[in-house]
């Protein structure tokens, strides 16, 4: 991974959106519900006020509008502050 988040930020690979059909009609990507969970693929070092508690490979839940989308080598990621993560799934 060539992306290294700074300070208290984490890089998340969102889970793929579920493919839904209604009566044989496939819903386009633009109408699909955004996933609210993903896998942490990189973490920053934290700050002097906030220790980094998330680890690479943690599966996390985050808010619907959390983070900033970015695309790197054809893959879409989210980068957000650790405090925007709502929970770690066990």
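Residue numbers (the numbering used here): 9 to 98. Note that CB positions come from ideal geometry on N, CA and C, so glycine has one too.
Residue i lies in the beta strand (DSSP E); which residues open and close that run?
i, result
"residue 22", "17-22"
"residue 74", "Careful: residue 74 lies outside any beta strand (DSSP E) and carries neither H nor E."
"residue 97", "93-97"
Could you tell me the distance, in whole angstroms, from the CA atom of residue i to the CA atom of residue j?
i, j, result
"residue 13", "residue 34", "36 angstroms"
"residue 95", "residue 44", "11 angstroms"
"residue 22", "residue 60", "20 angstroms"
"residue 58", "residue 67", "20 angstroms"
"residue 25", "residue 69", "14 angstroms"
"residue 90", "residue 53", "11 angstroms"
What does DSSP give as the partner residues of residue i in its beta bridges?
i, result
"residue 79", "84"
"residue 47", "21 and 67"
Once you ignore the five residues that flank residue i on each side, which residues in its own chain have a CB closer than 8 angstroms to its CB?
i, result
"residue 75", "20, 86, 87, 88 and 92"
"residue 55", "15 and 16"
"residue 64", "48, 49, 50 and 51"
Spatial neighbours of residue i within its chain, please: CB distance less than 7 angstroms, with the 5 preceding and 5 following residues excluded, ordered by chain position.
i, result
"residue 11", "19, 50 and 80"
"residue 77", "84 and 86"
"residue 31", "none"
With distance defined between alpha-carbon atoms, name the residue in the options nearest to residue i.
i, options, result
"residue 46", "57, 31 and 62", "62"
So, at 6 angstroms on beta carbons, what are the nonlocal neighbours of residue i in its own chain, with the 5 sequence-adjacent residues on each side left out?
i, result
"residue 97", "67"
"residue 82", "none"
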